[in-house]
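Shown next, in structure tokens, is the structure this report addresses.
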Amino acid sequence: MVTNLDRKTTIPITEIEQSAFCQTDDDLSSRTLQDEFEVGVRWQKLPISYMRMSPEQIEANIRVAREKLADRALILGHHYQRDEVIQFADIRGDSFKLSQFAAERNDVEFIIFCGVHFMAETADILSTPSQRVILPNLAAGCSMADMAQTDDVLDCWDDLTDALGEGCVIPVTYMNSTAEIKSLCGKNGGIVCTSSNASATFDWSYSKGEKVLFLPDQHLGRNTAAKMGMRLDEMILWNPFKPLGGNTLEDIKNAKLILWEGHCSVHTRFTVNQINEARVKYPDVNVVVHPECTLEVVTAADSVGSTEHIKNVIEQAAPGTTWAVGTEISLVNRIASENPDKTVFCLDSVVCPCSTMYRIHPAYVSWVLDGLVEGVVVNQIKVDDDIRRYSKLALERMLSVV
Numbered sequence: 199m200v201t202n203l204d205r206k207t208t209i210p211i212t213e214i215e216q217s218a219f220c221q222t223d224d225d226l227s228s229r230t231l232q233d234e235f236e237v238g239v240r241w242q243k244l245p246i247s248y249m250r251m252s253p254e255q256i257e258a259n260i261r262v263a264r265e266k267l268a269d270r271a272l273i274l275g276h277h278y279q280r281d282e283v284i285q286f287a288d289i290r291g292d293s294f295k296l297s298q299f300a301a302e303r304n305d306v307e308f309i310i311f312c313g314v315h316f317m318a319e320t321a322d323i324l325s326t327p328s329q330r331v332i333l334p335n336l337a338a339g340c341s342m343a344d345m346a347q348t349d350d351v352l353d354c355w356d357d358l359t360d361a362l363g364e365g366c367v368i369p370v371t372y373m374n375s376t377a378e379i380k381s382l383c384g385k386n387g388g389i390v391c392t393s394s395n396a397s398a399t400f401d402w403s404y405s406k407g408e409k410v411l412f413l414p415d416q417h418l419g420r421n422t423a424a425k426m427g428m429r430l431d432e433m434i435l436w437n438p439f440k441p442l443g444g445n446t447l448e449d450i451k452n453a454k455l456i457l458w459e460g461h462c463s464v465h466t467r468f469t470v471n472q473i474n475e476a477r478v479k480y481p482d483v484n485v486v487v488h489p490e491c492t493l494e495v496v497t498a499a500d501s502v503g504s505t506e507h508i509k510n511v512i513e514q515a516a517p518g519t520t521w522a523v524g525t526e527i528s529l530v531n532r533i534a535s536e537n538p539d540k541t542v543f544c545l546d547s548v549v550c551p552c553s554t555m556y557r558i559h560p561a562y563v564s565w566v567l568d569g570l571v572e573g574v575v576v577n578q579i580k581v582d583d584d585i586r587r588y589s590k591l592a593l594e595r596m597l598s599v600v
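All the letters of the sequence shown, read from the start, carry residue numbers 199 to 600 under the working numbering.
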């Protein structure tokens, strides 16, 4: 089978919407949801009363609902959530930390995942059948995950199998992917990874096969492989809209790593020029960036790692140190406020929160909690059994490796 040449190049709507919340000042305080609807991105509709509530009313409402639900509900909050949401999280973390925690907490009825769709899917896969996972706003997707559509990846997999034979390529997917892509990896001997454990999962994968297909983020894959000593000429990029991903059969046979052509809209905004400007302004600055940044940015930085790494390295740093950070602005601002003895700022002067994470407005959290108080479950995320089976296998391989 060869790539479907009738498929037109498409840009995910989540990618087009990414700049909707960009601004030049760093005041990201929540407004009424009715006001935020004016930004023009896709929002899930909810009762008008929640849209008109002031931030103070919503906060009070959430506290009342949480008291009524007591230990029946668990709120997980990703680091990129806005402050007005993260304050209610029972645990905050990166996707790896939260997926581990979701797998361990089989004592709660409801898991409210304040993150994006693929994270809630992962929590559902790792939870027990009696637990229900809820995503407050169903419009909270992920542009990176949307860049690896199932049909496109299946075409790629068929092309690679035809060219190389069975068992030569191990599929590895970043956590930032749909459950269907995780399932494809699990079914074909592959594994899931996060930015925290990518190196360990690469070691595991290369012990199983000669080559790795890494998706959907080309930059995390490239940075991880380069850190392990792989040369750039041993990597190829796979464009799903070109025959053989834009490669020759010889390219594919010679490559050790096949990188899917996907990226994070937030982290590809950071540039080497921004790092240079920070070093001019603050000669003693420490630059720490996320591995979803480009290789050039990662190479120019002093430190690279997951959101947990970024948070921890700054917390543990000496007072008086200065930090330029290349990751999502909500986390950068939070780290700055929690470390007043240090100077912490974002590399990018234009404030661009992750537009899908930002769609978890406190009003949605209040709405789903009120529903649970009344015995009504809204926005439950449920992965089909067939997809769940192999997705869980890929996730369990990851959890056993690290």
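Backbone N, C-alpha and C fix where the C-beta goes; we use that ideal spot for every residue, glycine too.
Coil, strand or helix - residue i by DSSP
{"i": "W241", "result": "coil"}
{"i": "G518", "result": "coil"}
{"i": "T422", "result": "helix"}
{"i": "I214", "result": "Residue placement at I214 cannot be trusted, given a pLDDT of 47 that sits under 50; the coordinates are not used to answer."}
{"i": "E337", "result": "The displayed chain sequence assigns Ala, not Glu, to residue 337. The answer is coil: DSSP assigns A337 none of H, G, I, E or B."}
{"i": "H276", "result": "strand"}
{"i": "L442", "result": "helix"}
{"i": "M428", "result": "coil"}
{"i": "M199", "result": "Confidence at M199 is low in this model, with a pLDDT of 45, below 50, so the placement of that residue is unreliable and no value is reported for it."}
{"i": "Q472", "result": "helix"}
{"i": "C383", "result": "helix"}
{"i": "T466", "result": "helix"}
{"i": "Q578", "result": "strand"}
{"i": "P293", "result": "A small fix is needed here, since residue 293 is Ser in this sequence, not Pro. DSSP places S293 in helix when its eight states are reduced to three."}
Distance, residue j Cα to residue i Cα
{"i": "E408", "j": "M342", "result": "26 Å"}
{"i": "K243", "j": "V566", "result": "13 Å"}
{"i": "R587", "j": "I533", "result": "38 Å"}
{"i": "I284", "j": "S504", "result": "18 Å"}
{"i": "N484", "j": "D500", "result": "6 Å"}
{"i": "S393", "j": "A268", "result": "33 Å"}
{"i": "V351", "j": "P438", "result": "8 Å"}
{"i": "E488", "j": "I508", "result": "Inspection of the sequence shows that residue 488 is occupied by His rather than by Glu. Answer to the nearest angstrom: the Cα atoms are 8 Å apart."}
{"i": "G419", "j": "G388", "result": "15 Å"}
{"i": "V574", "j": "R330", "result": "12 Å"}
{"i": "E265", "j": "D449", "result": "59 Å"}
{"i": "S643", "j": "V410", "result": "This structure cannot speak to residue 643, because the chain is shown only from 199 to 600."}
{"i": "G427", "j": "E234", "result": "46 Å"}
{"i": "G569", "j": "F468", "result": "40 Å"}
{"i": "N445", "j": "Q255", "result": "56 Å"}
{"i": "T376", "j": "D482", "result": "41 Å"}
{"i": "T535", "j": "A515", "result": "A quick correction: the sequence has Ser, not Thr, at residue 535. If I take the Cα positions, the gap works out to 15 Å."}
{"i": "R595", "j": "A476", "result": "40 Å"}
{"i": "A318", "j": "G460", "result": "21 Å"}
{"i": "R270", "j": "F400", "result": "38 Å"}
{"i": "V581", "j": "S553", "result": "24 Å"}
Span of the alpha helix (DSSP H), counted from its first residue to its last, around residue i
{"i": "Y404", "result": "A396 to Y404"}
{"i": "Y562", "result": "P560 to V571"}
{"i": "Y588", "result": "D583 to V599"}
{"i": "M317", "result": "H315 to L324"}
{"i": "N531", "result": "I527 to E536"}
{"i": "V351", "result": "T348 to L362"}
{"i": "P253", "result": "P253 to L267"}
{"i": "T505", "result": "T505 to E513"}
Contact check, residue i vs residue j, beta carbons under 8 Å
{"i": "V495", "j": "V470", "result": "yes"}
{"i": "E364", "j": "V464", "result": "no"}
{"i": "P551", "j": "S528", "result": "yes"}
{"i": "F308", "j": "A321", "result": "no"}
{"i": "G518", "j": "D546", "result": "no"}
{"i": "R346", "j": "I379", "result": "Note that residue 346 corresponds to Ala in the displayed sequence, not to Arg. Contact flag set, yes."}
{"i": "K451", "j": "A361", "result": "yes"}
{"i": "Y372", "j": "C354", "result": "no"}
{"i": "L272", "j": "V306", "result": "yes"}
{"i": "R250", "j": "T230", "result": "yes"}
{"i": "F299", "j": "N374", "result": "no"}
{"i": "N510", "j": "L333", "result": "no"}
{"i": "L591", "j": "A301", "result": "no"}
{"i": "S228", "j": "R280", "result": "yes"}
{"i": "S589", "j": "G384", "result": "yes"}
{"i": "E490", "j": "D415", "result": "yes"}
{"i": "E506", "j": "G291", "result": "yes"}
Assumed close pair residue i, residue j - CB separation to whole angstroms, cut-off 8 Å
{"i": "A287", "j": "V314", "result": "Actually they do not touch by this definition, with Cβ atoms about 15 Å apart."}
{"i": "I473", "j": "I456", "result": "The pair is not a contact, with the Cβ atoms about 29 Å apart (cut-off 8 Å)."}
{"i": "L493", "j": "H417", "result": "7 Å"}
{"i": "K425", "j": "S397", "result": "7 Å"}
{"i": "V542", "j": "I512", "result": "6 Å"}
{"i": "L413", "j": "W458", "result": "3 Å"}
{"i": "P369", "j": "N386", "result": "5 Å"}
{"i": "W402", "j": "V571", "result": "Incorrect: roughly 44 Å between the Cβ atoms, too far for contact."}
Enclosing beta strand (DSSP E) for residue i [first to last residue]
{"i": "F543", "result": "T541 to C544"}
{"i": "F412", "result": "K409 to L413"}
{"i": "F308", "result": "F308 to C312"}
Residue i CB to nearest heavy atom of the ligand PLP below 7 Å
{"i": "N531", "result": "Annotation note on the ligand PLP: not contained in the displayed structure, which lists no ligands."}
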